[in-house]
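> Right, I'll just put the structure down here and ask away after.
Number of protein chains: 2
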Amino acid sequence: MERVNLSRTRDSESTKRNILAAAKMEFATKGLSGARVDDIANVAKVNKRMIYHYFESKENLFKQVIEKAYLDIREAELELNLEHLDAKSALETLVRFTWKYYLDNPEFIRLVNSENLHHARHLKTSKEVVQANRNYVGLVQSILDRGVQEGEFRDQIDPVNLNITIAAIGYYYLNNRFTGSIIFEKDLMDSEVLDKRLEFNIETILKLVSR
Amino acid sequence: MERVNLSRTRDSESTKRNILAAAKMEFATKGLSGARVDDIANVAKVNKRMIYHYFESKENLFKQVIEKAYLDIREAELELNLEHLDAKSALETLVRFTWKYYLDNPEFIRLVNSENLHHARHLKTSKEVVQANRNYVGLVQSILDRGVQEGEFRDQIDPVNLNITIAAIGYYYLNNRFTGSIIFEKDLMDSEVLDKRLEFNIETILKLVSR
DNA sequence: TATAAATGTAAACAATTGGTTACTTGATTT
DNA sequence: AAATCAAGTAACCAATTGTTTACATTTATA
Chain Y
38 MERVNLSRTR
48 DSESTKRNIL
58 AAAKMEFATK
68 GLSGARVDDI
78 ANVAKVNKRM
88 IYHYFESKEN
98 LFKQVIEKAY
108 LDIREAELEL
118 NLEHLDAKSA
128 LETLVRFTWK
138 YYLDNPEFIR
148 LVNSENLHHA
158 RHLKTSKEVV
168 QANRNYVGLV
178 QSILDRGVQE
188 GEFRDQIDPV
198 NLNITIAAIG
208 YYYLNNRFTG
218 SIIFEKDLMD
228 SEVLDKRLEF
238 NIETILKLVS
248 R
Chain U
38 MERVNLSRTR
48 DSESTKRNIL
58 AAAKMEFATK
68 GLSGARVDDI
78 ANVAKVNKRM
88 IYHYFESKEN
98 LFKQVIEKAY
108 LDIREAELEL
118 NLEHLDAKSA
128 LETLVRFTWK
138 YYLDNPEFIR
148 LVNSENLHHA
158 RHLKTSKEVV
168 QANRNYVGLV
178 QSILDRGVQE
188 GEFRDQIDPV
198 NLNITIAAIG
208 YYYLNNRFTG
218 SIIFEKDLMD
228 SEVLDKRLEF
238 NIETILKLVS
248 R
């Protein structure tokens, strides 16, 4: 029988949550190599030993963080309930969502970069993430099918490439906002500039799929 | 009067070049924090002291590397001589070039990521890079103008956003090839898959600009 | 209530790492 | 040929860092 203790002075679940949250920020801002276990412990207000107690190693902690990051975004996408919209609206909603998610969760982009710098070795063994993504590709495929039926979209569009492009046009812009702002001599994070970029992206995707 | 010594046993220029080349690979594969000065020295076959002699610090060495990386790609773009082509061909050539450059120089992507992780603090003081990029945006703008004159392109297309999108659709795919290959359960680096992606990208850009 | 398991702390360790010191060797100039 | 400066080497250092050891306290349960 599970006991719930509402007034625990010791709370392993909250300790784990705190560690994960602190680790996410630390890894995102400094990368896997740049991240410091001591800093994670300090931010999480937890003794460093607890990190090793619950997560075994810095490497494994990173793995937990990146897995959770992927599951979180895939979960948020499912909550959009795109099945209830016509294909064009569904696609536009997805582009807007992806953009906003990256904008609101810059850590996600950083973590994915880190994981790729390390040849995705942490994600390689994650069945759960693969399955979540399989569902996601299926979702996009069904939007495409619906669009063809409605006479709005071209057929034979590759859902994986479409997916990648939807992510790419948001990800690249936000990932490289620092070098981009210098190079293009323009604040890429200015709110009007951001809004125009989103409209540009929606246009890009809709023109790509339409007949 | 400058003397040229063809048989120097001591060659500061070649030492500097070796350090820069080794540093570029080391920073690209491990990031700024992950890179080891000792490893750079070993690969460059140079005493570690020489790195500090010529480059002052690890940080400054990174700055030299990232600056050169940007100047190199902007230089390669200029050599395409896009002015001699009709607008549509020029744009397609640029998309193909960008893709191939990222494919052949994966270090470039990694370095740009690192620089953004560090808020572009090394590039901030680089007038030369900003100027090179100004020329590049001008080049794309002139292609767009030509396309409008030829009656092929829509007008009022923002050259910066177009630039960003051309880069994005190649960059994202290749940057995230490791996580992408796992997530999409498909080898994104398979040569047929790569070819299809390039065609997809050309289509994306041409549909975006055409009337 | 005794006991074992879970949760937590302080301190230290061994390895690593960016950077430096002290010195040697080779090339150029006068 | 002597003197001067650039180029190069080996050894070392102080600080950092991921990880561990040894120990203490709280909680759940037999």
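Chains Y and U are the protein sequences, given in the same order. For any residue, its number in my numbering is found by taking its place in the first sequence, counting from 1, and adding 37. For any residue, its number in my numbering is found by taking its place in the second sequence, counting from 1, and adding 37. All C-beta atoms in this analysis are idealised placements derived from N, C-alpha and C, irrespective of residue type, glycine included. As the structure is a prediction and not an experimental result, all values here were calculated from the model.
(1) Please tell me whether Y:V197 has its Cβ less than 7 Å away from any Cβ of chain U.
(2) Find out if the Cβ-Cβ distance for the pair U:F246, U:I194 is shorter than 7 Å.
(3) Using a Cβ-Cβ distance cut-off of 7 Å, determine whether Y:L176 contacts chain U.
(4) Exposed or buried, U:H121, counting other C-beta atoms within 10 Å across all chains shown (16 or more means buried)?
(5) How big is the Cα-Cα spacing for U:R171 and U:F145?
(6) Would you say U:T24 faces chain Y, with C-beta separation under 7 Å as the test?
(7) Touching or not, the segment 54-71 of chain Y and the segment 94-108 of chain Y, by the rule of three or more beta carbon pairs under 8 Å?
(8) Mapping the DSSP letters down to three states, classify U:S247 as helix, strand or coil.
(9) Let me know if Y:E222 comes out buried or exposed under the rule of 16 or more other beta-carbons within 10 Å of its beta-carbon.
(10) Quick one: is U:R191 buried, meaning 16 or more other Cβ sit within 10 Å of its Cβ, or exposed?
(11) If the criterion is Cβ atoms closer than 7 Å, does the pair Y:S151 and Y:L211 meet it?
(12) Is it a yes or a no for the segment 159-166 of chain U touching the segment 155-175 of chain Y, going by three-plus beta-carbon pairs under 8 Å?
(13) What are the start and end residues of the alpha helix (DSSP H) that includes U:I146?
(14) For U:K53 versus U:V74, is the C-beta spacing smaller than 7 Å?
(15) Between U:L231, U:H156, U:M226, which lies nearest to Y:I220 when the distance is taken from Cα to Cα?
(16) Does any residue of chain U bring its CB to less than 7 Å from the CB of Y:E236?
(17) At the level of alpha carbons, what is the spacing between Y:N198 and Y:D141?
(18) What's the C-alpha gap between U:K125 and U:D182?
(19) In chain order, what residues of the same chain have a beta carbon less than 6 Å from the beta carbon of U:A127, not counting five sequence neighbours either side?
(20) Distance, Cα to Cα, Y:N5 vs U:R147?
(21) If you measure beta-carbon to beta-carbon, which residues of the segment 202-217 of chain U are closer than 9 Å to chain Y?
(22) So U:G207 and U:Y139 are in contact, right, with Cβ under 8 Å, and what is the actual spacing, rounded?
(23) For Y:K82 versus U:K244, is the C-beta distance shorter than 7 Å?
(24) What does the Cβ neighbour count give for U:K137, buried or exposed, with the cut at 16 atoms within 10 Å?
(25) Using DSSP bridges, identify the partner residues of Y:F190.
(26) If we ignore side chains and look at the alpha-carbon of each, how far apart do Y:I203 and Y:S49 end up?
(27) Identify, in the order they occur along the chain, each residue of the same chain with its Cβ nearer than 6 Å to the Cβ of Y:R111, setting aside the five sequence neighbours on each side.
(28) For the alpha helix (DSSP H) holding U:A106, just list the boundary residues, first then last.
(29) Counting only Cβ pairs nearer than 7 Å, list the residues of chain Y close to U:A157.
(30) Along the alpha helix (DSSP H) that carries U:H90, what are the first and last residues, could you check?
(31) When burial is assigned at 16 or more other CB atoms within 10 Å of the CB, is Y:N84 buried or exposed?
(32) Between U:S70 and chain Y, is any beta-carbon pair separated by less than 7 Å?
(33) With 16 as the cutoff for other CB atoms within 10 Å, does Y:L176 come out buried or exposed?
(34) Consider the Cβ of U:N150: report whether some Cβ of chain Y lies at a distance smaller than 7 Å.
Taking the coordinates as given:
(1) yes
(2) The amino acid at residue 246 of chain U is misidentified as Phe; the sequence shows Val. Yes.
(3) no
(4) exposed
(5) 19 Å
(6) For chain U, the structure presents residues 38 to 248; residue 24 of chain U sits outside this window and is missing.
(7) yes
(8) strand
(9) exposed
(10) exposed
(11) no
(12) no
(13) 143-154
(14) no
(15) U:H156
(16) no
(17) 24 Å
(18) 11 Å
(19) L119, I180
(20) As displayed, chain Y neither begins before 38 nor continues past 248, which places residue 5 of chain Y out of reach and without an answer.
(21) T202, A204, A205, I206, G207, Y208, Y209, Y210, N212, N213, R214, F215, T216, G217
(22) 5 Å
(23) no
(24) exposed
(25) Y:S247
(26) 39 Å
(27) A169, Y173
(28) 95-115
(29) F215, T216, I219
(30) 85-92
(31) exposed
(32) yes
(33) buried
(34) yes
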